[in-house]
Each structure stands twice: as structure tokens, then as C-alpha cells.
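A.B. asks: Taking the working numbering, I'd label the letters of the sequence shown as residues -5 to 231.
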Amino acid sequence: MTGRALISKPHNDLVIAALSVIGIAGFLWPLWSNTATSESLAHATDAPWLMVLMMPLLLAATASALSERLLDAKAVAVLGVLAACGSALRLPTGGVAGTELVFFLLLPAGRVFGRGFGFLLGTLTLFVSAAISGGIGPWLPFQMLGAAWVGYGAGLLPPLKGRAEIAAMALYGTVASFVYGALLNLWFWPFGTNYGSGLSYVPGAILTSNLRAFWAFHLATSLGWDLMRAVTLVTMG
-5 MTGRALISKP
5 HNDLVIAALS
15 VIGIAGFLWP
25 LWSNTATSES
35 LAHATDAPWL
45 MVLMMPLLLA
55 ATASALSERL
65 LDAKAVAVLG
75 VLAACGSALR
85 LPTGGVAGTE
95 LVFFLLLPAG
105 RVFGRGFGFL
115 LGTLTLFVSA
125 AISGGIGPWL
135 PFQMLGAAWV
145 GYGAGLLPPL
155 KGRAEIAAMA
165 LYGTVASFVY
175 GALLNLWFWP
185 FGTNYGSGLS
195 YVPGAILTSN
205 LRAFWAFHLA
215 TSLGWDLMRA
225 VTLVTMG
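What follows is the structure, encoded as C-alpha cells:
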């Protein structure tokens, strides 16, 4: 099932690493904030800046790949077609009840075309889907990064064949389903709970205390959704 890797040279990996560091900071900064406001906790202020930083880096990765012939015209066409197909797959559910049909494209695409291609496909698919459905909001850059990491991780799987490859893809899809759910919950959790509930984020609290509250919130609210995402991915894949 493996094919030639696209957009996977070291300097492109550096661009992806820079994007990932920015994204991780966007996810985690509330855990170290002492003066967070309701607006900042809802990512109303940092999400636009995250998009501003992400888009030039994504364009830089694509332009670099094109200039060095890591991504030819056919690969660009494949990327566009798969992004359109992924957007169409996402429209019926949009992640409702944990169902993420777009994963059915992200995993094999990252596996066949390489980690860099999987990363770009994840970001582009979520962006196009949001633009079509009117789902652009502070959640979008976090969804884009989550999907990008899923596609990138699929490209890191070792070369396998036959049943071993199927088992590896199923295992990775299961793990990715739960990690993706936890990441998006981490975006939502700081402003999505009532203060003092025992599951809520507390600005200025010690890191371990907030992490315990987050995991309690995540297990209580999203475990079923993540399980459904993993089950549908494995059974339908």
C-alpha cells in the first residue's frame, strides 16, 4: 500500500515542525495562564493569530515542494481531488457522534503518499469543508491541525504488507481517533465548563490539578464519541 513519499524532505519537515510547535502552544497555553479571560479561553483572540501564522507556513511548504519537484502537477491534482472528496465526506456528519468519515481518506493518503502529503491534506480538507459549510470559527485552526497530525502520523508507519499492514492501520486509526478527540476537547474544555464544577479549568491553578480536571472532563464527555470514531473507522476501513 505504500507509494512514493511526497513533501517529506528534512526542510519541509522543519516547516511542519514549526507549524506543530505553534499549534501545540495554541492548545496548551491556558494550562500556564494566570490571567485568562473568558474571551481568551474561548480562543477568540489566539485563533485568528494561529491562522495567520499557519497559512504562510503551509504555503511555504507547498511552494518549496513545488520548486524542488517534490510535488509535481499530478500530485497537486491528487491533493486537490482528495481534499474535495474529504470535504464532501465530512459534510454529512461534521464529526457528530464522533463520526469522522474524512479519516478514511487521511490515513491511506498519508500512508501511500507520505507524511508531508498527509499533513497538507488534513489542513486543506478541513479548511475547504469549513468554507463550504460555513463552519469557520475559532475552532477551525485546531481542527485543521488535529487532522493534519492524523495524516502525518499515517505516513510514519513502518513498511508492512498484507495483514500486518491492515492491523497496523487499524491500530493507528484507533489511537489517532482517541488522540484527535482529546486534542479537540482540550481546545473546548477551558471555556466549556462551569467554574467550580470539579471538571472545570481554573486559571492559575497548578498544572497537575488542571490536567486532572481535564481528563475527568474528557472521560465524562467524550469517551463515547472517541470510541464511536474508532469503531466506525476500523469496521468501515
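Note that beta-carbon positions come from the ideal geometry of N, C-alpha and C, so glycine has one too. If you're wondering where the values come from, they're calculated on a predicted model, not measured in any experiment.
From the DSSP output, in three-state form, read off E159 for me.
C.D. replies: helix
A.B. asks: Taking just the CA atoms, how far does A158 sit from F182?
C.D. replies: 36 Å
A.B. asks: Using alpha carbons as the reference points, say which of T229, A69, V9, L73 lies closest to M48.
C.D. replies: V9
A.B. asks: For the alpha helix (DSSP H) containing A67, list its first residue and its last residue.
C.D. replies: 67 to 84
A.B. asks: Looking at the structure shown, is I16 part of a helix, part of a strand, or coil, going by DSSP?
C.D. replies: helix
A.B. asks: Could you tell me whether the Cβ atoms of F172 and D220 are closer together than 7 Å?
C.D. replies: yes
A.B. asks: Considering Cα atoms alone, identify which of L165, A67, L150, L114 is closest to Q137.
C.D. replies: Per the Cα distances, L114.
A.B. asks: Would you check if there are 3 or more beta carbon pairs closer than 8 Å linking the stretch 142 to 156 to the stretch 204 to 218?
C.D. replies: no
A.B. asks: Could you give the DSSP three-state label for L139: helix, strand or coil?
C.D. replies: helix
A.B. asks: Counting contacts by CB-CB distance shorter than 7 Å, is D7 in contact with chain B?
C.D. replies: The chain labelled as chain B is not found in the depicted structure, where only one protein chain is given.
A.B. asks: How is the alpha helix (DSSP H) around G112 delimited, first residue to last?
C.D. replies: 109 to 127
A.B. asks: Taking contact to mean 3 or more Cβ pairs, one atom from each stretch, closer than 8 Å, check whether the stretch 119 to 137 and the stretch 148 to 155 are in contact.
C.D. replies: no
A.B. asks: Indicate the three-state DSSP secondary structure (helix, strand or coil) for L177 in the structure shown.
C.D. replies: helix
A.B. asks: Using the rule of at least 16 other Cβ atoms within 10 Å of the residue's Cβ for burial, across every protein chain shown, is L22 buried or exposed?
C.D. replies: Of the residues assessed, L22 falls on the exposed side of the cut-off, its CB having fewer than 16 other CB atoms within 10 angstroms.
A.B. asks: Let me make sure I understand the geometry here. Which of A214, W209, L139, I130 has the alpha-carbon closest to that of L13?
C.D. replies: L139
A.B. asks: How is the alpha helix (DSSP H) around W209 delimited, first residue to last?
C.D. replies: 201 to 215
A.B. asks: Could you work out which residue in W26, L180, F97 is closest to V225 when comparing CA atoms only?
C.D. replies: F97
A.B. asks: Could you round the C-beta distance between L100 and G112 to whole angstroms and report it? I think they count as a contact, below 8 Å.
C.D. replies: Indeed they touch by this definition, with Cβ atoms about 6 Å apart.
A.B. asks: Evaluate G17 with the Cβ neighbour count: other Cβ atoms within 10 Å of its Cβ, from every protein chain shown; 16 or more gives buried, anything less gives exposed.
C.D. replies: buried
A.B. asks: Which of the three DSSP states, helix, strand or coil, is assigned to G131?
C.D. replies: coil
A.B. asks: According to DSSP, simplified to helix, strand and coil, what is G198?
C.D. replies: coil
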